[in-house]
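Presented below is the structure to which this report refers.
Protein chains: 2
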Amino acid sequence: MARTGRRPGGADTREAILTAARQAFAERGYDGASIRHIATSAGVDPALVHHYFGAKDQLFLAAMEAPVDPATLIPQVVAGGVDGMGERLVRMFLSVWDSPAGRTAAALLRSAVSHDWSARMLREFLTTQVLRRAMKDLQLDPAEAPLRASLIASQMMGLAMARYIVRFEPLASAAPETVVAAIAPTIQRYLTGPLSSSGP
Amino acid sequence: MARTGRRPGGADTREAILTAARQAFAERGYDGASIRHIATSAGVDPALVHHYFGAKDQLFLAAMEAPVDPATLIPQVVAGGVDGMGERLVRMFLSVWDSPAGRTAAALLRSAVSHDWSARMLREFLTTQVLRRAMKDLQLDPAEAPLRASLIASQMMGLAMARYIVRFEPLASAAPETVVAAIAPTIQRYLTGPLSSSGP
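Chains C and Z supply the protein sequences, listed in that same order. Counting in the working numbering, the first sequence runs from 1 upward without gaps. Counting in the working numbering, the second sequence runs from 1 upward without gaps.
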């Protein structure tokens, strides 16, 4: 049955909003999608979207079933500045992936590998929710920051793949401290070190 | 229709052998699987398996649809020893992924993320076909080599994810030389550098 007009409240409405939101974020990106447009697609009033989900970033996290809220975690990683941030980032990453939220994170990564729209959502998540927030508090050269961020993303996605998805030993079973000691210097170099042999 | 007994030659026989091989390698691992057992499962003579596919490593590459033969590529990477090997490895990796073989490699990685048996095949491939061959020619401490190998695998899988699958910019569009300059030092450290702040 086709549905038309404004919907009543309830689980059905929530799901309709989330479906419309997934489509909008995947097609238009985070910045291009609007609550107004999502509400229209779902056949509800924009106020109802705000009522259920709050601001756009919260709707985005709900739509992509994000395992954690970067707005909560990132301040803990960037606090203290870039010194030691590689270590804090790897430690935070492991604490999320080793917790029950790790199953949600693995599902997200699996989906991004299999579906283009899901890969787009993951890119948007990393760019707008993680990188943009972290950049606000760090003093990185804006010309280099995007490459640094994508290098960090490459090592962190690879750590997730090797440790939790493909389960390549001994990394899959290594103690968190072993992983932090081995990988934190990589993240620190991607963050603040030279990106080529010739220069900073 | 159930098939029994010895099969005649032809494409049908090749496919039956490959199906039996995939199951055997996924269940028993590379070392545990035998040509004899695979031949029995496929209902053919072991000599026919050798005739079609050669030795076990060649059958394994065919069964997992490997994009390249490590026996050909690894000597080029390890030639010259560990000095500069990080750079040679990243350069070789990019040349494969940027070539038509990259599509096959991406399919392999996607499959490993979605299916446990495929993840097992990828682990076996990295361990027995890549690492074991490379180790023969390098003088790494055997106690550390497996962790070093899995750290290298984490960064290389992450590079494939970020550049070719999730397509995280600017890494996805960066010139190969930019990628080599940024990532080769990581591989070199995982290969020969200290793995913890306190140790060798």
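Ideal Cβ placement from N, Cα and C applies to all residues, glycine included.
Would you mind giving the Cβ-Cβ distance between residue i and residue j, rounded to the nearest angstrom? I have them listed as a contact below 8 Å.
i: Phe60 (chain C); j: Phe93 (chain C); result: Wrong, their Cβ atoms sit about 20 Å apart, outside the cutoff.
i: Gln129 (chain Z); j: Asp57 (chain Z); result: 6 Å
i: Phe114 (chain C); j: Ser114 (chain Z); result: For the record, residue 114 (chain C) in the displayed sequence is Ser; it is not Phe. Correct: roughly 6 Å between the Cβ atoms.
i: Val82 (chain C); j: Leu191 (chain C); result: 6 Å
i: Val179 (chain Z); j: Val90 (chain Z); result: 7 Å
i: Asp137 (chain C); j: Val78 (chain C); result: 4 Å
i: Ala20 (chain C); j: Ile35 (chain C); result: Ala20 (chain C) to Ile35 (chain C), Cβ: 10 Å. No contact.
i: Ala202 (chain Z); j: Arg22 (chain Z); result: Limits of chain Z in this structure are 1 at one end and 200 at the other, which puts residue 202 (chain Z) out of reach.
i: Ala162 (chain Z); j: Met157 (chain C); result: 6 Å
So residue i contacts chain C; which residues on that side make the cut at Cβ distance below 8 Å?
i: Ile165 (chain Z); result: Ala112, Val113 and Ala119
i: Pro146 (chain Z); result: Glu169 and Pro170
Compare the Cα-Cα distances from residue i to each of the options and report the closest residue.
i: Leu151 (chain C); options: C:Val44, C:Arg189, C:Ala66 and C:Ala11; result: C:Arg189
i: Pro170 (chain Z); options: C:Ser173, C:Glu177, C:Leu147 and C:Phe168; result: C:Leu147
i: Leu73 (chain C); options: C:Ala63, C:Met85 and C:Met64; result: C:Met85
i: Thr186 (chain Z); options: Z:Ala153, Z:Met161, Z:Ser173 and Z:Ala172; result: Z:Ala153
i: Ala101 (chain Z); options: Z:Glu124, Z:Ala143, Z:Glu87 and Z:Tyr164; result: Z:Tyr164
i: Ala182 (chain C); options: Z:Gly54, Z:Ser111 and Z:Gly193; result: Z:Gly193
i: Phe168 (chain C); options: Z:Tyr52, Z:Asp98, Z:Glu144 and Z:Ala149; result: Z:Ala149
i: Tyr30 (chain C); options: C:Gln139, C:Asp141 and C:Leu126; result: C:Leu126
i: Arg14 (chain Z); options: Z:Gly32, Z:Ala33 and Z:Pro46; result: Z:Pro46
i: Ala134 (chain C); options: C:Gly10, C:Arg88, C:Ala184 and C:Asp12; result: C:Arg88
i: Val166 (chain Z); options: C:Phe53, C:Glu124 and C:Val49; result: C:Glu124
i: Ala33 (chain Z); options: Z:Leu140, Z:His51, Z:Leu48 and Z:Ala55; result: Z:Ala55
i: Ala66 (chain Z); options: Z:Met161, Z:Ala174, Z:Leu18 and Z:Asp12; result: Z:Leu18
i: Glu175 (chain Z); options: Z:Met161, Z:Ala112, Z:Asp98 and Z:Gln139; result: It should be noted that the sequence gives Ala, not Glu, for residue 175 (chain Z). Per the Cα distances, Z:Asp98.
i: Gly80 (chain Z); options: Z:Ala143, Z:Gln139, Z:Ser173 and Z:Glu144; result: Z:Gln139
i: Pro75 (chain Z); options: Z:Asp141, Z:Ser173, Z:Arg132 and Z:Glu144; result: Z:Arg132
Just to make sure I have the definition right: I need the residues of chain Z whose C-beta is within less than 8 Å of the C-beta of residue i. Which are they?
i: Ser154 (chain C); result: Gln155, Gly158, Leu159, Met161, Ala162, Arg163, Phe168, Leu171 and Ile183
i: Arg189 (chain C); result: Pro185 and Thr186
i: Arg22 (chain C); result: Correct list: empty, because the minimum Cβ distance to chain Z is about 17 Å.
How would you list, in chain order, the residues of chain C whose beta-carbon sits under 9 Å from the beta-carbon of residue i?
i: Ser41 (chain Z); result: In chain order: nothing, as chain C lies at least about 26 Å away.
i: Leu126 (chain Z); result: Val166 and Phe168
Please list the partners that residue i has in chain Z, where partner means a Cβ-to-Cβ separation under 7 Å.
i: Leu195 (chain C); result: Ala181 and Ala182
Whose Cβ in chain Z lies nearer than 9 Å to the Cβ of residue i?
i: Ala174 (chain C); result: Leu147 and Ser150
List the residues of chain C whose Cβ lies closer than 7 Å to the Cβ of residue i, in chain order.
i: Leu122 (chain Z); result: Val166
Quiz item: Three or more beta-carbon pairs under 8 Å between the stretch 19 to 35 of chain C and the stretch 106 to 125 of chain C, yes or no?
Solution: The stretch 19 to 35 of chain C, when compared against the stretch 106 to 125 of chain C, does touch it at the 8 Å Cβ threshold.
Self-check item: Validate contact between the stretch 94 to 106 of chain C and the stretch 41 to 53 of chain C using beta carbons, cut 8 Å, 3 pairs
Solution: These segments do not touch.
Self-check item: Where the stretch 94 to 109 of chain Z meets chain C: residues whose CB sits under 8 Å from a CB there
Solution: Residues passing the 8 Å Cβ filter: Leu109.
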